[in-house]
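Heads up: the structure comes next, in structure tokens.
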Amino acid sequence: MKENNFKEGIPDFSTLVSSLPNKKEIESLKQYAFNDFYTKSIVKGKEGEYNLNKDFIYENFQMNSKKREKDIRYTSLKGLYIFFEKDLEKQIPIYVGISGDILSRIKQHMTGKTHFSASLAYLIGINRYKEKEKTDWPKTRSEFWNDPDLYKTFIKDIQPKMRDSWKISILPQAENYTLYLKEIYLACELKTKWNSFATH
């Protein structure tokens, strides 16, 4: 197989397409809650922190990625994650993401304190602003996130809802070409409303 300049094998596109999951496989993916992955600390002074449920993780997933090249063994879970939001009695897929460390990325989305780490919460908040004010936010992302009144009105309740009621599916995927193709494929197949592939 021909390699790129980063020593990655360049697969045939037909091979990549054949690896995509069918609708039945997608629908059969197990859905987890945030508290399956993380438990809120009850230790004095660390009450707001969330700790990884390592026993659960290692019972249900096989690590497939190294955090650093010099690491001897796999310590991270690389691949895709899908967020589901409850609509009446059904869980609706709303976002597909990819990460070299899925578990850390999920924690960032649901507990992050900046618009960088909690980027999806920011997008939902800014969308609420646009719908209410009928106009785009004229300033920077950080000014929106860090404004106490705007945060309270448009963002504050988002992450608790994500942690309490959203569901999460995980698709481990170590190979980069397949990873990126699956992201856009799943976003299209699932019609996820919070995915955008616009350039900035």
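Note that the sequence shown covers residues 907 to 1106 in this note's numbering.
Cβ coordinates follow ideal geometry from the N, Cα and C atoms, glycine included.
With respect to the 8 Å criterion, residue 1015 and residue 1047 are not classified as neighbours on the basis of their beta carbons. For the beta strand (DSSP E) assignment, the uninterrupted runs of no fewer than 3 residues enclosed by the segment 1039-1096 are, from N- to C-terminal side, 1073-1078.
Per DSSP, the beta-bridge partners of residue 1002 are 988. With fewer than 16 other Cβ atoms inside 10 Å of its own Cβ, residue 947 counts as exposed.
Looking at the DSSP output, residue 996 shares a beta bridge with 993. Between residue 1092 and residue 983, the CB-CB gap reaches or exceeds 8 Å. Its chain contains no residue whose beta carbon lies nearer than 7 Å to that of residue 1070 once the 5 sequence neighbours on both sides are disregarded. If you keep only unbroken beta strand (DSSP E) runs of at least 3 residues inside the segment 934-987, you get 944-946, 956-958.
The Cβ atoms of residue 1075 and residue 950 lie no closer than 8 Å to each other. At a Cβ-Cβ threshold of 8 Å, residue 1038 and residue 956 do not count as neighbours. Counting only residues of its own chain and dropping the five nearest sequence neighbours on each side, residue 1042 has a CB closer than 7 Å to the CB of 1036.
Shown here, residue 931 sits in a helix according to DSSP, grouped into three states. Going by C-alpha positions, residue 1053 is about 11 Å away from residue 1045.
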